[in-house]
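Protein chains in written order, with the working numbering: chain A, 893 to 1570; chain B, 893 to 1570; chain C, 893 to 1570. Backbone N, C-alpha and C define an ideal beta-carbon position, used for all residues, glycine too.
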Amino acid sequence: MHGADYNPDQWQHDPHVLEEDIRMMKLAKCNVMAVGIFAWSALEPEEGVFTFDWLDRVLDKFAANGIYAWLATPSGARPAWMAEQYPEVLRVGPNRVRNLFGARHNHCYTSPVYREKVAIMNKQLAERYAQHPAVVGWHISNEYGGECHCNYCQEAFRGWLKRKYVTLDALNMAWWTSFWSHTYTNWSQIESPAPHGENLVHAMNLDWKRFVTDQTVDFCRHEIAPLKAENTELPVTTNLMDAYEGLNYWKFADVLDVISWDAYPTWHDASDQSNLAAWFSFNHDMFRSLGGGKPFLLMESTPSLTNWQPVSKLKKPGMHLLSSLQAVAHGSDSVQYFQWRKSRGASEKLHGAVIDHVGHEHTRVFQDVAELGGALEKLTDLIGTRVPAQTALFFDWENRWAVKDSQGPRNMGIKYEQTVLSHYRAFWEQGVPVDVIDMDCDFSKYKLVVAPMLYLVRPGASERIEQFVANGGTFVTTYWSGIVDENDLCFQGGFPGPLRKTLGIWSEEIDGLHDHEMNRVLFTEGNALQITGEYEVRELCELIHTEGAETLAVYGDDFYAGRPALTVNAVGKGKAYYIAARTDQTFQSSFYKQILKEAGIDGALQTDLPAEVTAQIRTDGVNEFIFLMNFSSTTHTITLDEQVYTDMLASDSASSVKISSNLQLQPYGVRILKRSKR
Amino acid sequence: MHGADYNPDQWQHDPHVLEEDIRMMKLAKCNVMAVGIFAWSALEPEEGVFTFDWLDRVLDKFAANGIYAWLATPSGARPAWMAEQYPEVLRVGPNRVRNLFGARHNHCYTSPVYREKVAIMNKQLAERYAQHPAVVGWHISNEYGGECHCNYCQEAFRGWLKRKYVTLDALNMAWWTSFWSHTYTNWSQIESPAPHGENLVHAMNLDWKRFVTDQTVDFCRHEIAPLKAENTELPVTTNLMDAYEGLNYWKFADVLDVISWDAYPTWHDASDQSNLAAWFSFNHDMFRSLGGGKPFLLMESTPSLTNWQPVSKLKKPGMHLLSSLQAVAHGSDSVQYFQWRKSRGASEKLHGAVIDHVGHEHTRVFQDVAELGGALEKLTDLIGTRVPAQTALFFDWENRWAVKDSQGPRNMGIKYEQTVLSHYRAFWEQGVPVDVIDMDCDFSKYKLVVAPMLYLVRPGASERIEQFVANGGTFVTTYWSGIVDENDLCFQGGFPGPLRKTLGIWSEEIDGLHDHEMNRVLFTEGNALQITGEYEVRELCELIHTEGAETLAVYGDDFYAGRPALTVNAVGKGKAYYIAARTDQTFQSSFYKQILKEAGIDGALQTDLPAEVTAQIRTDGVNEFIFLMNFSSTTHTITLDEQVYTDMLASDSASSVKISSNLQLQPYGVRILKRSKR
Amino acid sequence: MHGADYNPDQWQHDPHVLEEDIRMMKLAKCNVMAVGIFAWSALEPEEGVFTFDWLDRVLDKFAANGIYAWLATPSGARPAWMAEQYPEVLRVGPNRVRNLFGARHNHCYTSPVYREKVAIMNKQLAERYAQHPAVVGWHISNEYGGECHCNYCQEAFRGWLKRKYVTLDALNMAWWTSFWSHTYTNWSQIESPAPHGENLVHAMNLDWKRFVTDQTVDFCRHEIAPLKAENTELPVTTNLMDAYEGLNYWKFADVLDVISWDAYPTWHDASDQSNLAAWFSFNHDMFRSLGGGKPFLLMESTPSLTNWQPVSKLKKPGMHLLSSLQAVAHGSDSVQYFQWRKSRGASEKLHGAVIDHVGHEHTRVFQDVAELGGALEKLTDLIGTRVPAQTALFFDWENRWAVKDSQGPRNMGIKYEQTVLSHYRAFWEQGVPVDVIDMDCDFSKYKLVVAPMLYLVRPGASERIEQFVANGGTFVTTYWSGIVDENDLCFQGGFPGPLRKTLGIWSEEIDGLHDHEMNRVLFTEGNALQITGEYEVRELCELIHTEGAETLAVYGDDFYAGRPALTVNAVGKGKAYYIAARTDQTFQSSFYKQILKEAGIDGALQTDLPAEVTAQIRTDGVNEFIFLMNFSSTTHTITLDEQVYTDMLASDSASSVKISSNLQLQPYGVRILKRSKR
């Protein structure tokens, strides 16, 4: 699928626009549009008065021209009349002040009126369009996010807590409210976190974030119900955002039929793009994993530039193809844009689009889009294929919330995301596919599980990790793991808490280093990983004691010089590694290279990849599709192995081409190679 | 006129102060004082009770001693009793919270009560003083500014919108409210921009700023009416601020008899003061242009230092004279200070003044002031003279608001003011007088019109520009011009919109560059401007296509190397230049030097000026008065041409002095030369 | 005394914890605990229901095991039921919004209900425990601070002002409200400072700060009354904070029996720790002076790290002993910690404690604590000894408030605290004991008084300074002194106002320097201080005229080169020095070395101390106890004089050891030497 968000509701005054758009969609080989996002005012201009004729026209035209639609529910923004008539639909901030009408995402997910209005609207849409030939699925709302602190939400939060804890005693113990005399003696005393109220009870913050996720998921279910009532077959999705912190996306996994997300890399913002490219690869892997490994959709991306980043940078030649196919490489079955046509006014009028204000197709951007359309047509074999990952990386929302909310050990920045990315990047550089999961996922099927800074450990996770290792798996974790339970209560009896036995170490203290400080990690003579030399560590250094584990490397400096910095513990058939300090990218590269070898995990290609180049893989079980992607501005030559590869993007789409063992990758170049599964 | 703000209302408890002040005013050769600013509590200590006796005494003393007064209306601050009795007079912030009593400028310009109280006060003042021999004019309020979001203002805003758009359909189309479902179906749904409401509808933001200006101008008219009712001859002014963004000062042009403004340069904050000096020259030119070219007044400046800048720096010897005469050079007929005498307490007690807390005249600052007083006495020939500018520079408030409010192409800072200044400075360095106008002014009389970043183009402007060029004028504009109409709706059909034909180019895309990036502009062989070599460009680069225009320079780097970066289009008898990228000061210097030559525009002096030195010119039609000003800390020698010059500041004020062709300018030195008009 | 804050109320669910804690307290040689801070919910779980049994158990156990308690009043946090029942107890912010329940210190000190509830609670505690054998004193509330702007506080503020000024005329004159028309005509018009109201009337800001102090002190008295009613002998203290700006701590001096404070240095945050060490020495000296020179208590410090600093850094070996004994060196008779045992949850769970989450004593931190416990046992001779300072340094709260609130001369940062510290550090480096006082203290007994930036001079101070000098004292002050009176009204007739005569100079102007600027101070040939060479000055330079004073050094640069920069004026038997510019640490070192010699003041040791090493002294009148403290990471050798010293921390505690004249100080090493008083 190739397409874009499309807002014909903005162009009702000029019918010529729709004609032109359809003509150009075909030119650009676009076959799918997300329609109706934010169209509430156009669909229900006054309360109870519905105007679907314009949408009928659009969808009928689509059907007649072989274009499909993700039809949106318009709940991403509510009309002015609704805000005026029912102020309760507007969101209330943490400062307990209700917003005025304006912006988008400015509504309460608890408000009975808003839920009622949404139910009516969605029912109308479903009744009219659930069987429409152009409609391939539902695009629920838009980029769910934010939170509301209105009285409805306060009551809902208290209800949520009552269901979870049953008694105030249980809540008081879990929240450790005896600290600072915060013991609650009545449910009504509980309020959501506030800048001018409570904000330092970590377990409460955590529960509030859980509640916000649950309430949003519940709202999403509420949106879906009337749609499914008309046609259970039509899939639903909602567009998610890269590693968005406000919502635990894993809770959406069961609610959505298809996972889709919006990717907006700031390409060309630095001379080395590895980190940026790896971050978006990481997100693609995460959203694929969220859908259980099934293909996902790239629902939004910009065909040229954005208008909301600090600098709106043009994509250099090649980058549009590369960036789009990066999504496909990691499991996307579509490339879609925000947006088809630039709006004339308001805040996003300067956001990139397929059709510029100039109004015609004779632009560089349009040509880039059309070129990609051509490429996608050659990739139909890829539809439905999977990514065969043997490695899993934990990226866990509750852990993320908790570790960032903690006061100490380094309030300047605990850097959870950057740390996870740094571990991920070691695999990306070596072309090794990775699933990105949370700790509740089943990870027994992998060979290697990596869990950086596993600060919060939910019940059961440590047991399953122990089992995983005992069964022959390799587990890697780091400093600042096993600190708190699911309520952010510290584990007693020695860190890393429930992981202590598996890892065979006790972490006594953690030292925060200033930005101007560093320590070194020295590998011991003849260590089992056969790594030599020293590596810099910064920011966080734990002082640990081995309790059965073997020391692979020690600190080089400060009063803890000589104490263990990297350990491995043999448990059953597997091994558990502990990295006691914040290591850098060079350490990660060296370390995981050996770990992968030890665990018997191969990359997509049996070759060394240049910097800023990655290889990714999809497979249908018979064939393997290798994506070679060069994110650098220089040409690289890749040496292939002995297998037979065919180039799927070669100009003659009917016949595939046998390629030489030395393959050239142009600046921002991408090649998709097909081979038989080994 | 030479004088200061004077607040005898603060010294009523000590009658000796007035005696001393009058004695010292004469010593300092001061002949005008702005009296009564912020004196409301002293004039009406309780509601309806007026106490004018102290003001009678002051003005009578003035009259008896040859000192004149700009008599202020006291509306710049309201008394505590009024705020207590009528809270509605206090301003409401964008967060919709009403201010408490305190500060100044803290009142609503819409409030009926405030308007009533002001009308009564001004009537009282006018009845008593409109014919007083000491009073030379009215000083209306003080530094109008700010905005109020109270319900009165909301209603007034809606009324303003109704008058402008008549129908909601028209408003919805102009504001492009179909975006994000913001269509208004009832006027009452409209609220002023708010951080917790609407703030991303650019056309609404623009209309709100227009409304704020109109409401403030209306308040100013309301203040003036009772004053003019008593004496139509007495001129009115209000003190404006350097390029103040909140109000479109052009809307005040018709309301005021005389333009005056307050200048507070942060002298000596950098080793090179060119940019600072040019910025204040630019403002002087702008305020002079605002008054239709008539002399303006420097209403406030500091005789020593301020107390509100980050660092309160003393003026070095010479700087007081230089800075004061800079205003005169650009068309001021006065030098006035804030303030005559330092207040003993509250926030401005440490602001510089002619009379220090020490209370006597034996201070360095007083001597500087008296020296200037002496100089001004020698410059009576200058009164009423004009600045003969053949160049006009656009500095347009609505464009400024819109271009800065836009999201993209470089949210890190679009730098409208700095860009305009950079173009202005090319003229300043070459001693070329400039008028600073907005796009509605009549610019047909100039030889050269420069319009940097003319993002917003109001109806008619492009037609008048085309006519100007066709008639032989030279027009220069840059990247990011012709993007939106007066409602911030993008022009369709290709940028630079209505200027496309005149400029002979189509701008397809604009690339934002990061701070660490640059591109180059290479002049083509044998280009018409005869400029050679290359120049750095940064931040913004447009990718344009010529459509009739000639390419003078091309890009040197990136994927658009070789594409046009500077073009000229011949239209009728004139030429239209387009600078496609953000060029630096060295480019501006080289470019405009050739443009001036081509357009036949001379500087004030036929000589090359050293860095940090400028020459400015005033003329009475017969004589020309050349101001040579050295803003550097080193001595410079200026080579004059063959004409006969006399030094107006020479020690013997009766006879003028013939000066040699090599003229010395001391550090921070200023010379005023008189010659016959060529 | 050696001990910690202890919160058994958090561990009521696990009785084993108390047993273990008592066992380990003895192991750590801890003999005192602060109990019950923030225990309100545990003591009064619902209104009027008191539960003292758990506290009975704790205190009885303590008594049985030789452990003493500072028993806290729990007013540092109020229970949830109280906030729900009586919202008026919650604090109102400057924005006039009442806080929600949460955090601590979140209550109004004026609220009648809160005062009533506190009175009942304290009476209950006193009746039950005032005679308990384990209780050694009362720990009143916790770290008083903050302010409330509720209507009760507004009324109280107005009442305070009425008592102070009697008439509005007097207030209007003192506050100089004629500026900006702020004249108050009714007491009800007065509101506390607000971001959206008045905040620029300096005298009002000053009075508000005074009121906040007075109201807090009054609340503290209110807390103490019921305690003293039961047992007048039991001392009261409250834990103060390092140089906390919000409260004028001198107003607490009469209310408290013992001064105690909480010290949290960020050790190891820079390679040179002199400034940090000196700052904490300064504070120790200040709190000792606050108690009239009597020993104070170090009520809180961390046994390992904090969790609220930007980086939570471990103490390196030796630092715990050094940092703890630094307090003792300056007059503390205790070392106490926050906290004994880490809480399991909420915001401070990761703050350092004697007992870690691991729950046992086999940790590095516990060993450090136990080592210190052993050392303290050897120092019983020190109990009650005094610090024999002959030098006093002014650190005056009202001056601090006023000088920082002033607009100009350098709003980038007037740096009052840093300036005072820079002068203090000259003495610290030379091992000279200093008392830190405010200007109302009796300073006639000192040989040297140093008053940096004495901007505000209260009535009487200048007369007492003059008398002090006339009687033979040495007085040193700096630029920006003698500017305003107690109402922040500028002195008229020439700065430094009432000090002008004593100093023999007139300061005409003050120049602010940018960060990139500097000037130099050149000592004159043969100056009386026998200092040669030049020193850099930055930020602030006054232009002064001598009026009887002798010039010792002059400026080297700018237009005031050659004008006096350092002067001395002989008055009676003494001398008054004026430093006209902001000098740096090297100047301070050279200057005060000569001043100390001239004034006949000795350091603790007659030897030159290495950098980062200080010597401090306590004496019982017969013996002198010298603390040699090395805050550096290198070993230093100190050469002692001829006297006989014994090492109090030597391993054999019974017999003291004669030490050689060359004494080694390890990195972060401390030695306590005893000698006979000379």
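| Asked | Found |
| --- | --- |
| Look at the Cβ atom of Ala-961(C), then the Cβ atom of Val-927(C), and state whether they are nearer than 8 Å. | yes |
| Inspect the beta-carbon positions of Trp-1030(C) and Arg-970(C) and report whether they are closer than 8 Å. | no |
| From Thr-1130(A), Asn-1303(A), Tyr-1141(A) and Lys-1270(A), pick the residue whose C-alpha is nearest to that of Asp-1149(A); which is it? | Thr-1130(A) |
| Residues in the same chain with beta-carbon distance under 7 Å from Ser-1547(B), minus the five sequence neighbours each way, listed in chain order, please. | Any reading at Ser-1547(B) must be qualified, since the residue scores a pLDDT of 44, below 50, and its modelled position is unreliable; the value itself is stated next. There are no such residues. |
| Which stretch, first to last residue, makes up the alpha helix (DSSP H) that contains Asp-1099(A)? | 1094-1122 |
| Using beta carbons (cut-off 8 Å, strictly below), is Ala-1621(A) in contact with chain B? | No answer is possible for residue 1621(A): the residues shown for chain A start at 893 and end at 1570. |
| Inspect the CB distances between the segment 1076-1091 of chain B and the segment 987-995 of chain A and report whether three or more fall short of 8 Å. | yes |
| DSSP three-state call for Gly-1266(A): helix, strand or coil? | helix |
| Could you check the C-alpha separation between Ser-1545(B) and Lys-1270(B) for me, to the nearest Å? | Unreliable placement is indicated for Ser-1545(B), whose pLDDT of 49 sits below 50; the coordinate value is still reported in the next sentence. Ser-1545(B) and Lys-1270(B): Cα-Cα distance of roughly 6 Å. |
| Since Val-1342(C) sits in a beta bridge, which residues does DSSP pair it with? | Leu-1285(C) and Val-1368(C) |
| Using a beta-carbon distance below 8 Å, is Asn-1199(A) in contact with chain B? | yes |
| For Glu-1083(B), which residues in chain A fall below 9 Å Cβ to Cβ? | Leu-992, Phe-993 and Gly-994 |
| Which partner residues of His-1437(A) appear in the DSSP bridge assignment? | Trp-1398(A) |
| Just how far apart, CA to CA, sit Asn-1118(B) and Val-1250(B)? | According to the sequence as given, residue 1118(B) is Pro; it is not Asn. When rounded, the distance between both Cα atoms is 40 Å. |
| Could you please tell me which residues of the segment 1021-1046 of chain C, in chain order, have their CB closer than 7 Å to any CB of chain A? | none |
| Within 8 Å (strictly less), CB to CB, does Ala-1445(C) reach chain A? | no |
| Are the Cβ atoms of Ala-1284(A) and Phe-1367(A) separated by less than 8 Å? | no |
| Grab the span of the alpha helix (DSSP H) containing Trp-932(B) for me, first residue to last. | 932-935 |
| Once DSSP output is grouped into helix, strand and coil, what is the label at His-1176(A)? | helix |
| Thinking just about the alpha-carbon of each residue, which of Gly-1385(B), Leu-1541(B), Tyr-1537(B) and Leu-1501(B) is nearest to the one in Ser-1524(B)? | Leu-1501(B) |
| How many angstroms separate the CA atom of Tyr-1057(C) from the CA atom of Cys-1333(C)? | 24 Å |
| Rounding to the nearest angstrom, what Cα-Cα distance links Thr-1571(C) and Leu-1541(C) in this structure? | Outside the displayed range of chain C (893 to 1570) lies residue 1571(C), so it cannot be described from this structure. |
| Which runs of the alpha helix (DSSP H) at least 4 residues long sit entirely within the segment 921-1001 of chain C? Give them in chain order. | 932-935, 945-956 and 972-977 |
| Is there a C-beta anywhere in chain B that falls below 8 Å from the one on His-1315(A)? | no |
| Closer than 9 Å between beta carbons: that is the criterion. Which residues of the segment 1158-1170 of chain A meet it against chain D? | No chain D appears in the structure shown, which is made up of the protein chains A, B and C. |
| In three-state DSSP terms, what is Cys-1045(B)? | helix |
| Using a C-beta cutoff of 8 Å, does Lys-1208(A) count as contacting chain B? | yes |
| In angstroms with no decimal places, state the Cα-to-Cα distance between Ile-1564(B) and Lys-1489(B). | 26 Å |
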